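If you're matching them up, the sequences are chains A and B in order. Under the working numbering, the first residue of the first sequence carries the number 6, and numbering increases by one thereafter. Under the working numbering, the first residue of the second sequence carries the number 3, and numbering increases by one thereafter. Ideal placement from N, C-alpha and C gives every residue a C-beta, glycine not left out. Computed from a predicted model, the values in this text were never measured in an experiment. One structure below.
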Amino acid sequence: MNPATVKAMFKREMLDILRDKKTVAMMILLPVLLYPLLIVGMVLVMNAVASSQEEKEYKVAFDLDNSIQSELSDILEEQSDKIGYQLSVLSKAQVEESLAEDESDDAEEKENKDIYEQALDAKKLNAFLRQTEDGSFEICYLSAQSDSSIARSGLTDLMTLYRDRVREELLKEAGLAPDEILKAADYSSQDLSSTEESVGYQIGSFLPFLIITSVLLGAMYPAIDVTAGEKERGTLETLLTMPVSNLEMILSKFLSVSVIASVSAILNVVSMGCAIAFLVSGSIAATEELNLSINFGVFVPGVLFTIVVMIFFAMLITALCMCTCIFAGSFKEANNYITPLMLVVMIASYAAIIPNVELTQQTALIPVVNVSLMIKSLFGLTNDYALYGMVLFANVAYSLLAVLVLSRLYNSEAVLFADGFTSVHIFNGRSDMKKGQMPGGGDVILVLAATLLLMFYIGVGAAGLGFYGVALQQAVVLACPLVYAWYIKADKKRLFSLNKPQMAAVLGGIFMFIGAFFLAMILGVVLMPLFPQSTENVMDLSNFLMGHNKLLTVAIIALMPALGEELLFRGFLMGTLKEKTKPVMAIAVTAILFAAYHMSVLRFFTVGVIGLSFTIAAYKSGSIYVSMLMHFCNNLVACLVDWYPDTIGQIETANLSDAGQTGLFFLVLIGALLAVIVGYILLDHAEKKRLKKQ
Amino acid sequence: MIRAEGLTKQFERTVLSEEEKKKNKKKKSKKESFLAVDHVSFEVQSGEILGVLGANGAGKTTLLRMLGSLMKPTEGSVSIIDKNGELVTDPIEQKRNIGYLSGNTKLYHRLSVREMLMMLAEIYGIDKQKAEDRVSEISRVLDMDGFIDNRIERLSTGQTQRATIARTLIHEPDIYIFDEPTLGLDIISADAIVSFMKTQKDEGKTVLYSTHYLEEAQFLCDRILIINKGRVICEGSPDQIIKRFEADNLRDAFHKVMKNADELTKSAATDTADQLKEDQSEETSGQDEEVEK
């Protein structure tokens, strides 16, 4: 790599980007003009509203005894300074009069309501007071109308004054000291946090979102411009004629977009900061009694660290945007691809707002979320620099990884010279779908991601449903690949391998399963000491199954996964991979993803072994029914173990690791291996026969 | 001098056979790999213009892209002997000796012609003073003084074409590869390019170019390759080809060649197959060397 070349290319990219009006508008005009205008404008509007609320008179009425009415009117006159808003009291006659002007009202409605209620509905009255049968008072208002809610708070002030006066009189009559009694056990809240802390907390709750969004907006347009834009304008081929290596090319592009994204974010923050400073100084001038002296010095380390992390974060976002956009052939197409990415990143940036989500060793590794939480924590004046270091490290690592992927993509002629991305079909309308097509790599990723996401949401949402929540999750796993395949009009028979299996293949599958099952069991026993927490999962399952109808249990625990998970993994995933890659790759990727899908470290290995046997069987037999049968058997065994712990359970949990049982251990191991070999031979035989037929 | 040895490029495409089209339901389109360029070997000497002819989709652009190191060949290699008589095999170094131009090599719209040329000079490692001299020289030769400081997006088609040629000149290459350079140009702009190529040839440069204009090729080329389905089916000087097919001119000869294209392609395939057997050991060792580098 020649630094001079990168420098020359970088200069060219920057010049090119900065001369694009769209980018400049997004990067400079938006932050420099929009935020201050928005904030100042908002404050002006709010002030105007507040002052108009103070000046306005709110119409209220008292549906009460005359004596109470006059007393309330007295308080209103004497202590109007203690009531927040100006209330004008209408007499009953005035209320009736105002209603008489308005005759369009429904007669039926009038019958059921008294005149005060009618007047409230007709907005002739903002709120009124009435007394219930047991003597307590009611403030009647409409919560959906802001004027009415304000009148209510005015009446609340009034009623508080009235209540205190009545109680005071009653106590006096009883010969007691009202001051002592009414002020007994009085309390108030006192905020002991420093001004800096509370200001920092406020800033920390919105700054992450602002910074992440501005990095994203700053990176988006230039990233599209240097990838898809370059393809669209036809300068990519020109670039390729120059004596520049791929690495030099992407580095220059990557650096220029990163710089733009960082500068954009800094501009945003500075402009926002100025707007806030303007606001604060304004409010200090307005309310002199409020002593707002903030020592902004305490935020300096936080701001500096935020800027450092932000630069690496900008690199990560840049690389992600470029990786996405390079598949597009045009600006418009790139925009389509980048929208989902934007949504995900923006939603993740909200992490700072969620209460109780704190920066921990786990969250420090989640991209985007970690930056959001770190900024919140920094401005909350927490000095957890070990965690901040982790966030920094994670961002550096992720951005390096993304750049690596990017350089691989830029090496691929298929990507560079392609007109656009064709492996995600769902972006086209259904009428454009070619009948009997096969999904692409992008489709698979989309379906897997959608399924997992839906399962996660159902898992959270249907936590109370227990058993049926699981059924719902399984239904989603079943539905996702089927609906997607239907939408893109895929060749379902070919994609999902919906072929009638040969007898030999079925037999082979069963042998294969038995062997794999015992192998997984042995592996589980060997690995168990390494992952002790895994036993808890097993206990959970048996509690879970208890007390349900056996037929239903089999349907939900054994049958549905056998259908859904097989259609997703051995069907959609493997069916697609089979077309695109070598058999070994297709089988390995399917088995690994299937194991990872079970989300447990120990089960990654045990499920991995069993899943591998399913995958091989489905591949060799060319029929998904074989692996469905194997999957069903596997889950059925889990149910049986649970129902008959004394008999079948004994076999399962036979303590193979006991010193005295070494003989048994090897016996089972050899038996399992034999079963796998026999199964494989049978499957291989079936495959050869099947291929010959074709 | 530039030499192609057994250049081959394999692509994947979606193919529907006739039977499958009829059924359509049962079987669907299948990804199939095919050879866009199939074992093409030739040499172009200094002071020579080689024309590459062929129908659309014959593999001309892919062949020229591989020669210009824009694409990596699946098999075979390109070697260049530069003006100092040294053998150049590294693709990026090769690009320093090549001026490549095609319909797809557009210019950066937002830069001025001068900015673009200076940027290129920097990438090619020409020092600043020398680059400035070179730019003013090119500007004089191509008559660009009137618009050299305008942004490229504001130039007329003819001006843009001159700027495009200027781009290929900045690093003084001794090999020019032009992919359909006169396509879609008016007669004056096209003639400017034709005379440019002629001048370069007279200066002892190597020129390779593809075209659909056979009169132009007949007038300009020292030697011609006709390509069909990625294979060279006819090679020779325009006069030789016209004589061989007993034609009046190159256009007529081209039609006659294309009529027998399928037969010629097949025989070209058997030729290469025979040649392959001989070359195989040699070639594989050559590839190994490249990998090591």
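So that I know if they touch, is there some Cβ in chain B lying closer than 9 Å to that of residue i?
| i | result |
| --- | --- |
| ASP448(A) | no |
| LEU397(A) | no |
| LYS12(A) | yes |
| ALA9(A) | yes |
| GLU418(A) | yes |
What did DSSP end up calling residue i once you bin it into helix, strand or coil?
| i | result |
| --- | --- |
| SER71(B) | coil |
| PHE180(B) | strand |
| PHE214(A) | helix |
| ILE82(B) | strand |
| GLY206(B) | coil |
| ASP40(B) | strand |
| GLN84(A) | coil |
| GLU88(B) | coil |
| GLU77(B) | strand |
| LEU679(A) | helix |
| PHE142(A) | strand |
| LEU9(B) | strand |
| ALA495(A) | strand |
| GLN442(A) | strand |
| ASP184(A) | helix |
| MET14(A) | helix |
| PHE501(A) | coil |
| SER158(B) | coil |
| LYS28(B) | Reliability of the predicted coordinates at LYS28(B) is poor, the pLDDT of 38 falling under 50, and the value obtained from them is presented with this limitation in mind. In the structure shown, LYS28(B) sits in coil (DSSP, three-state: anything other than H, G, I, E or B). |
| SER148(A) | coil |
| PRO534(A) | helix |
Would you mind giving the Cβ-Cβ distance between residue i and residue j, rounded to the nearest angstrom? I have them listed as a contact below 8 Å.
| i | j | result |
| --- | --- | --- |
| MET47(A) | LEU221(A) | No, MET47(A) and LEU221(A) are not in contact; Cβ-Cβ is about 23 Å, not under 8 Å. |
| LEU92(A) | TYR121(A) | Incorrect: roughly 15 Å between the Cβ atoms, too far for contact. |
| GLN47(B) | SER71(B) | No, GLN47(B) and SER71(B) are not in contact; Cβ-Cβ is about 20 Å, not under 8 Å. |
| ILE51(B) | CYS223(B) | 5 Å |
| GLU584(A) | MET633(A) | About 21 Å separates the two Cβ atoms, so there is no contact after all. |
| SER377(A) | GLU237(A) | Not confirmed; about 34 Å, so no contact. |
Of all the CB atoms in chain A, is at least one closer than 9 Å to the CB of residue i?
| i | result |
| --- | --- |
| LEU72(B) | yes |
| TYR178(B) | no |
| LEU109(B) | yes |
| ALA6(B) | no |
| MET146(B) | no |
| TYR211(B) | no |
| TYR102(B) | yes |
| GLU117(B) | yes |
| ASN58(B) | no |
| ASN106(B) | yes |
| GLU95(B) | yes |
| ILE125(B) | yes |
| ARG164(B) | no |
| ARG98(B) | yes |
| ARG156(B) | no |
From the DSSP output, read off the bridge partner residues of residue i.
| i | result |
| --- | --- |
| TYR230(B) | First, the residue type needs correcting, since residue 230(B) is Asn and not Tyr in the sequence shown. ASN230(B) pairs with ARG233(B). |
| ALA132(A) | VAL65(A) |
| GLN195(A) | According to DSSP, which records beta bridges pairwise, GLN195(A) is partnered with nothing at all. |
| ILE4(B) | VAL46(B), ILE82(B) |
| GLY53(B) | TYR211(B), ILE226(B) |
| CYS644(A) | Per DSSP, none; premise fails for CYS644(A). |
| ARG153(B) | SER114(B) |
| TYR102(B) | ILE179(B) |
| SER35(B) | GLU14(B) |
| VAL94(A) | VAL65(A) |
| GLY238(B) | ILE226(B) |
Is it the case that the CB of residue i approaches a heavy atom of the ligand GDP more closely than 8 Å?
| i | result |
| --- | --- |
| SER71(B) | Of the ligands one can find in the structure shown there are none, so the ligand GDP has no counterpart to examine. |
Positions along the region 182-209 of chain B whose CB lies within less than 9 Å of some CB in chain A
Per Cβ criterion, the list is empty.
Positions along the region 236-259 of chain A whose CB lies within less than 7 Å of some CB in chain B
Contacts with chain B (Cβ-Cβ distance below 7 Å) from the region 236-259 of chain A involve ARG238, GLY239, THR240, GLU242, THR243, LEU245, THR246, MET247, PRO248, VAL249, SER250, listed in chain order.
Going along the region 14-29 of chain A in order, which residues come within less than 8 Å of chain B, judged by CB to CB distance?
Only MET14, LYS16, ARG17, LEU20, ASP21, ARG24, ASP25 from the region 14-29 of chain A bring a Cβ to less than 8 Å from some Cβ of chain B.
Output, in sequence order along the chain, the residues in the region 223-244 of chain B whose CB is closer than 8 Å to any CB in chain A.
Only those residues of the region 223-244 of chain B whose C-beta falls short of 8 Å from the nearest C-beta of chain A would be listed, and there are none.
Taking only beta carbons into account, state which residues of the region 41-70 of chain B come closer than 9 Å to chain A, listed in chain order.
Going along the region 41-70 of chain B in chain order, one finds ARG67, GLY70 with a Cβ nearer than 9 Å to chain A.
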